[in-house]
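With my numbering as the guide, the letters of the sequence shown map in order to residues 55 to 507.
This report refers to the structure that appears directly beneath it.
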Amino acid sequence: MQERSLPKNFVWGAASSSFQIEGTIPGDGRGPSIWDDFCAQPGKIIDGSNGTLACDHYRLFRRDVQLLADMGAKAYRFSVAWPRILPEGRGASNPIGIDFYKRLIDELLQKGITPWVTLYHWDLPSALEKQGGWRNRDTAYAFADYAAYVVEQLRDRVDHWITHNEPWCVAVLGHRTGEHAPGLKDPLAALQSAHHVLLSHGLAMQRIRALAPDAQAGITLNLNPSYPATPGKPEDEEAAVLFDGDFNRWYLDPVFRASYPQDMIKHYEKQGILGHQGWNFIQSGDLSTIAQPNDFLGVNFYSRGVMGDRGPAEEAAKADPLRYTGMGWEIYPDGLQDLLVRLAKDYPAKAYYITENGAAYDDHLTADRQIHDPHRLRYYALHLDQVAQVCARGIPLKGYFAWSILDNFEWAFGYEKRFGLVYVDYATQERIPKASYKWLKEVIAANKVFDVL
Ligand code: FCB
Numbered sequence: 055m056q057e058r059s060l061p062k063n064f065v066w067g068a069a070s071s072s073f074q075i076e077g078t079i080p081g082d083g084r085g086p087s088i089w090d091d092f093c094a095q096p097g098k099i100i101d102g103s104n105g106t107l108a109c110d111h112y113r114l115f116r117r118d119v120q121l122l123a124d125m126g127a128k129a130y131r132f133s134v135a136w137p138r139i140l141p142e143g144r145g146a147s148n149p150i151g152i153d154f155y156k157r158l159i160d161e162l163l164q165k166g167i168t169p170w171v172t173l174y175h176w177d178l179p180s181a182l183e184k185q186g187g188w189r190n191r192d193t194a195y196a197f198a199d200y201a202a203y204v205v206e207q208l209r210d211r212v213d214h215w216i217t218h219n220e221p222w223c224v225a226v227l228g229h230r231t232g233e234h235a236p237g238l239k240d241p242l243a244a245l246q247s248a249h250h251v252l253l254s255h256g257l258a259m260q261r262i263r264a265l266a267p268d269a270q271a272g273i274t275l276n277l278n279p280s281y282p283a284t285p286g287k288p289e290d291e292e293a294a295v296l297f298d299g300d301f302n303r304w305y306l307d308p309v310f311r312a313s314y315p316q317d318m319i320k321h322y323e324k325q326g327i328l329g330h331q332g333w334n335f336i337q338s339g340d341l342s343t344i345a346q347p348n349d350f351l352g353v354n355f356y357s358r359g360v361m362g363d364r365g366p367a368e369e370a371a372k373a374d375p376l377r378y379t380g381m382g383w384e385i386y387p388d389g390l391q392d393l394l395v396r397l398a399k400d401y402p403a404k405a406y407y408i409t410e411n412g413a414a415y416d417d418h419l420t421a422d423r424q425i426h427d428p429h430r431l432r433y434y435a436l437h438l439d440q441v442a443q444v445c446a447r448g449i450p451l452k453g454y455f456a457w458s459i460l461d462n463f464e465w466a467f468g469y470e471k472r473f474g475l476v477y478v479d480y481a482t483q484e485r486i487p488k489a490s491y492k493w494l495k496e497v498i499a500a501n502k503v504f505d506v507l
């Protein structure tokens with residue numbers, strides 16, 4: 055791997071989300087969220103855990119900000135917990151909740167770290183789920199009101215807003231496969247939820263513009279470039295187009311082009327999932343609301359999709375940590391460059407940011423309480439090498455946020471999957487920077503990606 059420089063003013067950061075790190079100690083006015091409810095259902099979380107303590111970041115945030123500062127992070131992407139701000143989802147606000155974020159942000163600003171605030175990273179107030187959650191169009195308006203309230207409260211401190219994190223996960227994992235809260239297995243609900251989340255993005259963008267005209271605002275999508283297992287084989291090629299449609303274009307097209315992709319409309323119709331109301335949940339004017347001009351697109355990149363049979367050799371490779379992460383996700387750094395090249399061509403934006411990228415592996419504390427995580431470090435090195443190449447091509451990729459600053463609650467996987475640059479000993483809440491953290495610190499200081507392999 056050759057040494058490559060990143061552009062001047064490249065935004066180096068790390069990311070987290072509220073439910074995954076904060077903890078939910080009672081008595082501070084926070085209302086329950088769909089993730090509290092989901093965790094309470096037996097069998098939903100692999101290790102039977104929940105978000106009650108998590109990383110106790112709600113109390114230990116100063117320590118965590120110090121870790122970001124010591125790493126040299128220029129920016130920190132975190133999310134605001136809607137049920138901390140509006141315990142019932144709408145109506146009365148909780149001053150203790152807003153005060154927590156003010157204190158967190160002040161701490162960041164004092165250390166010269168720019169806050170990037172995500173308004174929704176999946177912890178929908180339970181009160182709204184009782185009224186149909188994201189299946190219900192009203193939730194989009196409730197989100198816009200919540201977003202406006204947060205922006206009003208924090209705009210003196212925050213200039214970077216991300217409306218949503220990964221609408222695909224909300225729609226598909228939450229409503230089609232049921233792996234995430236609220237745990238539905240209903241493909242129509244998934245389409246409705248996707249639409250209402252996207253609509254709420256557009257509505258929130260309008261409110262952000264009105265309240266904070268100088269702020270930078272956009273959305274984060276999880277995008278997976280897709281490839282046929284056997285290029286040229288018609289079934290595989292077709293399957294790759296379909297995967298791309300369901301995973302990427304269904305979200306990119308409305309946001310950038312004010313339309314849903316025609317081939318996917320036909321595909322969902324053919325599946326017979328629409329019911330007698332058809333596409334009625336998409337109302338006239340919705341698509342132009344969704345397609346508000348964005349200042350940037352946030353891209354979460356972890357892996358790629360390969361469609362078709364890859365043969366037995368590939369199955370065997372899944373145990374190889376150089377080819378697959380601890381999540382069983384294929385390591386395909388070239389996909390990051392392919393994706394950004396494609397975005398620049400098909401979905402031009404003023405700026406792109408990698409708002410998440412990282413890898414879970416099993417970490418083991420040594421006798422002297424160190425974490426050597428060569429596989430994670432290698433994952434970062436290979437992906438940052440691609441990031442540097444994308445920048446060198448003149449594509450406006452302006453920053454990179456590692457997922458995640460801390461080990462944390464990895465949704466349905468509970469605490470079993472560790473994505474942190476910093477190890478968390480959950481029994482004591484001790485934080486131990488891993489080798490990957492120390493490497494990234496050097497990379498940030500040099501503004502250069504270099505070989506470690
Ligand atoms: C993304 C989520 C994030 C984390 C990573 C591993 O889909 O946005 O919260 O779980 O995956």
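Glycine is no exception: its CB is placed at the ideal position from the N, C-alpha and C atoms.
Residues in its own chain within less than 7 Å of TYR491 by CB, not counting five upstream and five downstream? MET125, LEU475, VAL476
Integer Cβ distance of LYS452 from PHE64, believed to fall under 8 Å: 7 Å
Opposing strand residues paired with ASN276 [DSSP bridges]: ASN354
Residue from PHE73, PRO450, ASN411 with nearest C-alpha to HIS437: ASN411
Taking 7 Å as the line, does the beta carbon of GLU220 fall inside it for any heavy atom of the ligand FCB? At least one heavy atom of the ligand FCB falls within 7 Å of the beta-carbon of GLU220.
Which term fits LEU60, buried or exposed, when burial requires 16 or more other beta carbons within 10 angstroms of its beta carbon? buried
If you measure between the beta carbons of ASP290 and GLY359, is that distance less than 8 Å? No.
I need the straight-line Cα distance from GLY389 to ASN278, nearest angstrom please. 8 Å
Nearest CA to the CA of TRP304: which residue from TRP465, LEU328, LEU275, PRO285? LEU275
ALA198 and ALA283 look like a contact to me (Cβ under 8 Å); what is the Cβ gap, rounded to whole Å? The C-beta distance from ALA198 to ALA283 rounds to 42 Å, too long to fall under 8 Å, and the pair is not in contact.
My understanding is that LEU215 touches ILE167, with C-beta atoms under 8 Å, so please give their C-beta distance in whole angstroms. Note on identity: in this sequence residue 215 is Trp, with Leu being the wrong assignment. In this structure TRP215 does not touch ILE167 by the C-beta definition: roughly 16 Å separates them, more than the 8 Å allowed.
CA-to-CA distance, GLY81 to ASP210, given in whole angstroms: 28 Å
Selected residue, minimal CA-CA separation from LYS62, among ILE99, LYS128, HIS418: LYS128
Heavy atom of the ligand FCB less than 7 Å from the Cβ of PHE301, yes or no? No, the ligand FCB has no heavy atom inside 7 Å of this Cβ.
Report the option in TYR386, PHE92, GLN120 whose CA atom is closest to the CA atom of PRO487. GLN120
Taking 8 Å as the threshold (C-beta atoms), are LEU341 and ALA403 in contact? no
Closest by C-alpha distance to LEU173, when choosing among PRO137, LEU162, SER133, ASN190: SER133
Touch test, the stretch 421-429 against the stretch 315-328, Cβ-Cβ under 8 Å, three pairs minimum: With the cut-off at 8 Å, the stretch 421-429 and the stretch 315-328 do not touch.
Given CYS109, which residues of its chain have a CB within under 6 Å of its CB, disregarding the five upstream and five downstream residues? ILE75, LEU460, ASN462, VAL478
Quick one: which unbroken beta strand (DSSP E) runs of 3-plus residues sit fully inside the stretch 154-236? Chain order, please. 168-174, 214-219, all fully within the stretch 154-236.
Going by the C-beta, is ASN278 closer than 7 Å to any heavy atom of the ligand FCB? no
Sequence-distant residues of the same chain with beta carbon closer than 6 Å to PHE115, five excluded per side: LEU158
Does the stretch 219-237 come close enough to the stretch 183-199 that 3 or more CB-CB pairs lie under 8 Å? They touch, by the three-pair rule.
Which residues does DSSP list as the beta-bridge partners of VAL487? The sequence given here places Pro at residue 487; Val does not occur at that position. According to DSSP, PRO487 bridges with VAL476.
Where do the ends of the alpha helix (DSSP H) carrying ARG131 lie? ARG131 -> not in any alpha helix (DSSP H); beta strand (DSSP E) instead, spanning 129-133.
Using DSSP with H/G/I as helix, E/B as strand and the rest coil, what is PHE310? helix
If ALA235 and ASP91 are in contact, beta carbons under 8 Å, what's the gap, nearest whole angstrom? 7 Å
Inter-residue Cα distance where the pair is ARG447 and ASP392: 12 Å
Neighbourhood of TYR13 by C-beta distance below 6 Å, restricted to the same chain and skipping five residues each side: Because the chain is modelled from 55 through 507, residue 13 falls outside the range shown and cannot be assessed.
Looking at C-alpha atoms only, which residue of HIS321, VAL204, HIS330 is the closest neighbour of ALA135? VAL204
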